[in-house]
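The sequence shown begins at 715 in the working numbering and counts up one residue at a time.
A virtual CB, placed ideally from N, CA and C, is assigned to each residue, including glycine.
The structure under discussion appears below in the form of structure tokens.
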Amino acid sequence: LSFPVLFSGFILLIFDRNFGTSFYLSDIFINGVGALPNEGGSAILYQHLFWFLGHPEVYIILLPAMGMASEILSVNSRKPIFGYMAMVGSLFAIAILAFLVWAHHMFVTGLNPFLGSVFVLLTLLIAVPSAIKVFNWLTTLWRGNIRFTPGMMFSIGFVSLFISGGLTGIWLGNSALDIHLHDTYFVIAHFHIVMGVASMFGMFAGIYHWFPKMYGRYMNNTLSYLHFWITLAGAYMIFWPMHYQGLAGMPRRYYDYSVWESFKQFAELNRFISTVAMIVFAAQLLFLFNFFYSIFKGRKVTTQNPYGSNTLEWTAPINPGHGNWVGEIPEVHRWAYDYGKDGKEFISQTTPVGADESSH
Ligand SMILES: [Cu+2]
């Protein structure tokens, strides 16, 4: 729903550049004389069309990470996901609200302050389903029989980063604060943590968790934990200081900070951030090596369902080929979260519900 709006924006841009239209070019006068033949366009229109994609895109990236983290947290806590209906409801609430907040990127464009306050309200509303999800992830962990697999570590890391990056979203969603923080490193810190690193942690969690399913081998644990700790600590060391730089007024998108006297104060911190960034990059090479090495040389998976997971994919044989299952397609009888129920550690979705049990 949001991408076509961006594409339409691009088409209008092509028209402006090549066919003499003026969707985005407003009247430009030099000494009272019109400099261009264009009339009546608005550059702000382009920003609206861009951010109508730009904000929902945050959730296009985040929602799959949230889904993977929810599944992996539940499997490795040996507990059902806490507040399942609230979790699904929150996903829908976020997906809908995501389309109603785009102008919070435009508080300094000269946007009508009243309209701005409407976007503040709608933006802060997203904190509600986000908080519901965070508390439900934490309560899923609460008193769980936790296994700290690499997938689980990255899922917990995802929750940590989602909280850290999400809280500064409340700062930036307020126009009164955003007018000060706009275009500073505070923004860089916020969105790289929440949309960059958090969603990458969700993807890493998914890769580590389903790797045995995909290749019938495990990834190397030592390298996985090394990758996790360097990336988590590194992400915080890179992006945490940027909040302070932003508050102190360091702007984004500058090619060289050294040529202004007032920016000299940031030099040391910038050097520190660059150093950590290179170390974190090296850790990603560790991950790539681990990934490809383990496809061929990883420890072999001996059981079909190594994590004791309920969901259907673990009922398919390793390297199943076309159609996934040999013979009949399995039938689903229950939800995916029957962990620790009826004295059993887990009950696969393909297990029929007994006469004495109630169905979900
Ligand atoms: Cu946004």
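Task: I808 burial status per 10 Å Cβ neighbour count (16 or more: buried) - done: By the 10 Å Cβ count, I808 comes out buried.
TODO: Write down the C-beta distance between S938 and Y950 rounded to the nearest angstrom, noting that I regard them as a contact closer than 8 angstroms.
DONE: That belief does not hold up - the Cβ atoms of S938 and Y950 are roughly 19 angstroms apart, past 8 angstroms.
Task: Cutoff 8 angstroms; reference S1073; Cβ partners in own chain excluding five residues on either side - done: Confidence at S1073 is low in this model, with a pLDDT of 49, below 50, so its placement is unreliable and no value can be given for it.
Task: Close Cβ partners of G658 (< 6 angstroms) along its chain, the five nearest in sequence each way excluded - done: A question about residue 658 goes unanswered here, because the residues of the chain that appear run from 715 up to 1074.
Task: Any non-hydrogen atom of ligand 1 within 6 angstroms of H769 CB - done: Taking 6 angstroms as the cut-off, one finds at least one heavy atom of ligand 1 near enough to the beta carbon of H769.
- [ ] Sort F724, S889, V802, P1020 by Cα distance to L829 and report the nearest one.
- [x] In this structure, S889 is the residue among F724, S889, V802, P1020 with its C-alpha nearest to the C-alpha of L829.
Task: E1059 in three-state terms, based on DSSP - done: Strand.
Open item on the list: Buried or exposed, going by whether 16 or more other CB atoms sit within 10 Å of the CB of F986?
Closed with: Exposed: under 16 other Cβ atoms inside 10 Å.
- [ ] Say whether the segment 909-916 touches the segment 852-865, bearing in mind that this needs 3 or more beta-carbon pairs closer than 8 angstroms, one atom from each stretch.
- [x] Because the criterion of three Cβ pairs below 8 angstroms is not met, the segment 909-916 and the segment 852-865 do not touch.
- [ ] Figure out for me which residue from I775, P1034, L895 has the closest Cα to the Cα of M964.
- [x] It is L895 whose Cα lies nearest to the Cα of M964.
Open item on the list: Quick check: the Cα distance between S1008 and I728, rounded to an integer number of angstroms?
Closed with: C-alpha separation (whole angstroms): 47 angstroms.
- [ ] Taking N935 and P864 to be in contact with their CB atoms under 8 angstroms, please state how far apart those CB atoms are, rounded to whole angstroms.
- [x] Between the beta-carbon of N935 and that of P864 there is about 7 angstroms, and that keeps the pair under the 8 angstroms contact cut.
- [ ] For L739, verify whether its CB is less than 6 angstroms away from any heavy atom of ligand 2.
- [x] Ligand 2 is absent from the structure shown, which contains only ligand 1.
Open item on the list: For I987, report the span of its alpha helix (DSSP H) as first-last.
Closed with: I987 -> alpha helix (DSSP H) spans 981-1011.
- [ ] Could you have a look at V747 and say whether DSSP puts it in helix, strand or coil?
- [x] Three-state result, V747: strand.
TODO: Inspect the beta-carbon positions of V994 and T945 and report whether they are closer than 7 angstroms.
DONE: Contact flag set, yes.
TODO: Could you spell out where the alpha helix (DSSP H) holding G948 opens and where it closes?
DONE: G948 -> alpha helix (DSSP H) spans 935-961.
Task: Test item: CB-CB of F833 and I893 under 7 angstroms - done: Here F833 is not near I893, since their CB atoms are 7 angstroms or more apart.
Open item on the list: Can you give me the C-alpha to C-alpha distance between E771 and S716, rounded to a whole angstrom?
Closed with: Between E771 and S716, the C-alpha separation is close to 8 angstroms.
- [ ] Please classify Y1053: does DSSP put it in a helix, a strand, or coil?
- [x] The three-state reading of DSSP puts Y1053 in strand, counting E and B together.
TODO: Return the first residue and the last residue of the alpha helix (DSSP H) that V834 is part of.
DONE: For V834, the enclosing alpha helix (DSSP H) has its first and last residue at 827-839.
TODO: Determine the DSSP secondary structure at T898, reduced to helix, strand or coil.
DONE: Shown here, T898 sits in a strand according to DSSP, grouped into three states.
- [ ] Check each candidate in S972, G871, G910, V990 and name the one with the smallest Cα separation from F942.
- [x] The shortest Cα separation from F942 among S972, G871, G910, V990 belongs to G871.
Task: With 16 other Cβ atoms within 10 Å as the buried cut-off, status of A1075 - done: Outside the shown range of the chain (715 to 1074) lies residue 1075, about which nothing can therefore be said.
TODO: Name the residue from A779, G723, N745 whose alpha carbon lies nearest to the alpha carbon of A757.
DONE: Distance from the Cα of A757 is smallest, within the candidate group A779, G723, N745, for G723.
- [ ] In angstroms with no decimal places, state the Cα-to-Cα distance between V747 and S878.
- [x] In a straight line, the C-alpha of V747 is about 52 angstroms away from that of S878.
Task: Boundaries of the alpha helix (DSSP H) in which Y760 is found, first to last residue - done: Taken as a continuous stretch (DSSP letters only), the alpha helix (DSSP H) holding Y760 covers 757-791.
Task: Residue nearest to L814 in terms of C-alpha spacing, selected from V802, G797, G768, D970 - done: For L814, the closest alpha carbon among the candidates V802, G797, G768, D970 is that of G768.
Open item on the list: Using the three-state DSSP reduction, which class does R731 fall into: helix, strand or coil?
Closed with: It is helical.
Task: A783 versus E1059: straight-line alpha-carbon distance, rounded - done: It is roughly 20 angstroms from the alpha-carbon of A783 to the alpha-carbon of E1059.
Open item on the list: Please report the distance separating the alpha-carbon of N850 from that of G1012.
Closed with: Roughly 34 angstroms between the two C-alpha positions.
Open item on the list: So, at 7 angstroms on beta carbons, what are the nonlocal neighbours of N1082 in its own chain, with the 5 sequence-adjacent residues on each side left out?
Closed with: In the structure as shown, the chain starts at 715 and stops at 1074, and residue 1082 therefore has no counterpart that could be examined.
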